[in-house]
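Quick note, the sequences are listed as chains G and C, same order. Read in order, the letters of the first sequence correspond to residues 532 to 649 in the working numbering. Read in order, the letters of the second sequence correspond to residues 14 to 126 in the working numbering. Here a beta-carbon is modelled for each residue, glycine too, at the ideal position from N, C-alpha and C. Please read these numbers as outputs of a predicted model, since none were measured by experiment. Working notes for the structure below.
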Amino acid sequence: GAVVSQHPSWVICKSGTSVKIECRSLDFQATTMFWYRQFPKQSLMLMATSNEGSKATYEQGVEKDKFLINHASLTLSTLTVTSAHPEDSSFYICSATGPRGGGSYEQYFGPGTRLTVT
Amino acid sequence: AQSVSQHNHHVILSEAASLELGCNYSYGGTVNLFWYVQYPGQHLQLLLKYFSGDPLVKGIKGFEAEFIKSKFSFNLRKPSVQWSDTAEYFCAVSSYGNNRLAFGKGNQVVVIP
Chain G
532 GAVVSQHPSW VICKSGTSVK IECRSLDFQA TTMFWYRQFP KQSLMLMATS NEGSKATYEQ
592 GVEKDKFLIN HASLTLSTLT VTSAHPEDSS FYICSATGPR GGGSYEQYFG PGTRLTVT
Chain C
14 AQSVSQHNHH VILSEAASLE LGCNYSYGGT VNLFWYVQYP GQHLQLLLKY FSGDPLVKGI
74 KGFEAEFIKS KFSFNLRKPS VQWSDTAEYF CAVSSYGNNR LAFGKGNQVV VIP
């Protein structure tokens, strides 16, 4: 149980175009989804927290207008990289949490999406 | 905000050697602690977690970790590694009641057959 998928697994796009990445929880309802960015040989950096039906909360330094996040249902969140540039090339990973009791949460991670902007 | 420190980014071991990876965090309140593993070409998988109770936590694949509150540490151990343990290991921390995770920079572990 607790499987998270991402689509596409990799994408190459031209500079200036927009790319949409989907994150789905396959067997549970994800009240919260997270988007991370991982540079080669580095750790995961949290970009934003997405709650179903409300606006995403972005981390400091992350451009809201560039990285559009939509969490329209309890099983789907999307990240759109608008007007992509080569510096946006990275590995984007989503995770999701389901309903939990108390204040302890576990995140389930998707397989990631490799974005290359040429 | 929490910060998480992992030292010795690159670790090279022979099979059957013991492994210990250090993790220290900066948050002073109640925390949830995690170790994730990322095998080459695969996604993050949870090795083990600590929410409360016994500070010695046993996870999958023979891994264990010990939460020492006084040292703000959650070190990962495995008594005898295998070649298949070659992977990147990430420590992560969240504060109780907050589901946002802060990750350490990771340890790249290479096990030589």
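query: Own chain, CB closer than 6 Å to residue 589/G, minus 5 neighbours either side, in chain order; result: 579, 595
query: Residues that residue 640/G contacts on chain C, provided the C-beta gap is smaller than 7 Å; result: 56, 57
query: Any non-hydrogen atom of the ligand FAD closer than 8 Å to residue 64/C Cβ; result: You won't find the ligand FAD in this model; it holds no ligand whatsoever.
query: Contact under 9 Å by Cβ, residue 40/C with residue 86/C; result: no
query: Three-pair Cβ contact test at 8 Å for the region 615–631 of chain G versus the region 74–86 of chain C; result: no
query: Cβ pair residue 19/C, residue 118/C closer than 9 Å; result: yes
query: DSSP bridge partner residues for residue 628/G (one or two, in chain order); result: 563/G
query: Cβ shell of residue 93/C (< 7 Å), same chain only, five flanking positions each side left out; result: 29, 31
query: Cβ of residue 584/G within 9 Å of any chain C Cβ; result: no
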